[in-house]
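Undergrad: Per the working numbering, the very first residue in the sequence shown carries number 171; after that it's consecutive.
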Amino acid sequence: MTTELLEIEKTYLEKLNIINSELSPQWLKEQEDNSSLIGLLNVIQDIQKVHTEIYSKLETLNEVDDGLVLYLIEEIKSVYSKYSDHFICNLSQCQDILCTPSIKQKLSVIYK
Numbered sequence: 171m172t173t174e175l176l177e178i179e180k181t182y183l184e185k186l187n188i189i190n191s192e193l194s195p196q197w198l199k200e201q202e203d204n205s206s207l208i209g210l211l212n213v214i215q216d217i218q219k220v221h222t223e224i225y226s227k228l229e230t231l232n233e234v235d236d237g238l239v240l241y242l243i244e245e246i247k248s249v250y251s252k253y254s255d256h257f258i259c260n261l262s263q264c265q266d267i268l269c270t271p272s273i274k275q276k277l278s279v280i281y282k
C-alpha cells in the first residue's frame, strides 16, 4: 500500500510541478489583472509544498497506519480548504486563460 501511495504522490507532484514551473509563470505574465487566477495559482504552490512533505513522509514508512491517515487528513485539510475558496468554476471553459497562443504552445510541448 505504501508503494502504491508513493507512486500516486510522485505522479501528482510531477503534474503540480508542471503547473507551477511551466504554466504558472506564463499565466502570471498574461493574466496579471486576474486576481481569481492568481489566487488559485498561489494555492496550487501551497498544495505542491504539502504533497512534497507527504511524499517525503511516505518514503520513510513501511506501512500505512491510523497515525499516517490522521497526519494526511490534517496536512491536506487546510490547503484544500484554501483551494476551494479560490476555485474557479468552469475553468476549463475560460478561453482567455487556457487558449492563449503561449499556453497552447506550452501544453503541446508538455503533452507530446
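Every residue, glycine too, gets a C-beta built ideally from N, C-alpha and C.
For the alpha helix (DSSP H) that contains residue 208, what are its first and last residues?
TA: Indexing the sequence shown from 1 puts residue 208 at position 38. Residues 205–230.
Undergrad: With a threshold of 16 other CB atoms inside 10 Å of the CB of residue 218, please say whether the residue is buried or exposed.
TA: Walking along the sequence shown from the start, residue 218 turns up at place 48. Residue 218 should be labelled buried.
Undergrad: In this structure, does DSSP put residue 266 in helix, strand or coil?
TA: The count along the sequence shown starts at 1 and reaches residue 266 at position 96. Three-state result, residue 266: helix.
Undergrad: Alpha carbon to alpha carbon, how far is residue 211 from residue 277?
TA: Indexing the sequence shown from 1 puts residue 211 at position 41. Indexing the sequence shown from 1 puts residue 277 at position 107. Roughly 17 Å between the two C-alpha positions.
Undergrad: To the nearest angstrom, how far is it from the Cα of residue 275 to the Cα of residue 213?
TA: Sequence index remark: in the sequence shown, residue 275 carries index 105 (1-based). Sequence index remark: in the sequence shown, residue 213 carries index 43 (1-based). The straight-line gap from Cα to Cα measures roughly 24 Å.
Undergrad: Distance check for residue 244 and residue 257, CA to CA, integer angstroms please.
TA: Taking the sequence shown and counting its residues from 1, the one referred to as residue 257 is at position 87. Taking the sequence shown and counting its residues from 1, the one referred to as residue 244 is at position 74. Approximately 20 Å, taken between the alpha carbons.
Undergrad: Give the single residue among 198, 187, 205 whose Cα lies nearest to the Cα of residue 255.
TA: Position 85 of the sequence shown, counted from the first residue, corresponds to residue 255. The shortest Cα separation from residue 255 among 198, 187, 205 belongs to 205.
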